[in-house]
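Colleague: Take a look at this one; I'll ask things after.
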Amino acid sequence: MLKRYSIIAGVFRLHQENSIHRDLHSGNILYSDYSGGWYVSDFGFCGPADKPLESIYGNLPYIAPEVINGKGYTFASDIYSIGMLMWEISSGQSPFAYFNHDYDLAINLIKGMRPQIVQGTPTEYKNLMIQCWDADPLKRPDINTLQDKSIEIQKSRDELGLNFN
């Protein structure tokens with residue numbers, strides 16, 4: 140959970156600056172042995188929310204369906220990517236690792252295909268993850284809500300003596 144919270148805090152900072160990362164995936168998350176923290180990296184496609192990109196970039200399983208469909212990157216598309224990172228954290232593997240990252244996968248993602256949730260995933264975590272990868276970008280939480288809910292989940296798990304890192 141702390142890993143995810145660090146990632147959310149990094150994206151929170153970006154969104155506060157009115158910037159969109161546009162390429163969030165596990166290859167762009169770095170761990171520091173020195174600080175014990177997780178950091179968002181690779182800001183090559185990052186930019187102001189009001190300056191759209193002409194092309195689609197990124198790692199297909201982490202790209203929001205509306206972006207694949209040509210609607211462009213938004214704050215909500217970063218939230219979708221966080222949902223996929225949450226799944227990766229809970230499962231220990233990249234989403235759709237055993238699929239070709241091709242046209243067929245792109246179409247299936249647009250049609251609503253998501254990774255199967257791992258048995259034993261905590262309910263609050265699972266529900267938040269599902270909200271993040273909702274097909275409708277307007278139904279995804281914004282980064283403020285996501286950060287608040289993450290803090291709530293962490294506090295409740297700490298109070299129960301549970302750890303989900």
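Quick note: to get our numbering, add 139 to the position in the sequence shown (first position is 1).
Ideal Cβ placement from N, Cα and C applies to all residues, glycine included.
Among Ile202, Ile292, Lys288, Asp281, which one has its Cα closest to the Cα of histidine 154?
Modeller: For histidine 154, the nearest C-alpha among the options comes from Asp281.
Colleague: Does DSSP put leucine 199 in a helix, a strand or coil?
Modeller: In the structure shown, leucine 199 sits in a helix (DSSP, three-state: H, G or I).
Colleague: Apply the 10 Å Cβ neighbour rule to glutamate 156 and answer buried if 16 or more other Cβ atoms are within range, or exposed otherwise.
Modeller: With fewer than 16 Cβ atoms within 10 Å of its Cβ, glutamate 156 is classed as exposed.
Colleague: If you reduce the DSSP assignment to three classes, tell me which class serine 233 lands in.
Modeller: Coil.
Colleague: With a threshold of 6 Å on Cβ separation, who are the neighbours of phenylalanine 151 within its own chain once the five nearest residues in sequence on each side are excluded?
Modeller: These residues qualify, in order along the chain: Ile282, Gln286.
Colleague: Would you call lysine 164 buried or exposed, if buried means 16 or more other Cβ atoms sit within 10 Å of its Cβ?
Modeller: The sequence given here has histidine at residue 164, not lysine. By the 10 Å Cβ count, histidine 164 comes out buried.
Colleague: Considering only C-alpha positions, which residue in the set Tyr170, Gln258, Gly259, Arg279 is nearest to serine 220?
Modeller: Among Tyr170, Gln258, Gly259, Arg279, the Cα nearest to that of serine 220 belongs to Arg279.
Colleague: So asparagine 167 packs on valine 179, CB below 8 Å; how close in whole Å?
Modeller: With a Cβ gap of about 7 Å, asparagine 167 and valine 179 count as contacting.
Colleague: Identify every residue that forms a DSSP beta bridge with valine 179.
Modeller: Paired residues: Ile168.
Colleague: Kindly list the residues whose CB is nearer than 7 Å to the CB of alanine 274, restricted to its own chain and excluding five residues on each side of it in sequence; keep chain order.
Modeller: For alanine 274, where only same-chain residues beyond five positions count, the Cβ hits under 7 Å are Pro204, Gly251.
Colleague: With valine 206 as the anchor, note down where its alpha helix (DSSP H) starts and where it stops.
Modeller: Element bounds for valine 206: 204-207.
Colleague: Consult DSSP for serine 295 and reduce its assignment to one of helix, strand or coil.
Modeller: If DSSP states are grouped into helix, strand and coil, serine 295 belongs with the helices.
Colleague: Distance check for isoleucine 159 and lysine 210, CA to CA, integer angstroms please.
Modeller: If you take the alpha carbons of lysine 210 and isoleucine 159, they lie about 14 Å apart.
Colleague: First and last residue of the alpha helix (DSSP H) that includes tyrosine 212?
Modeller: Run containing tyrosine 212: none; DSSP gives neither H nor E here.
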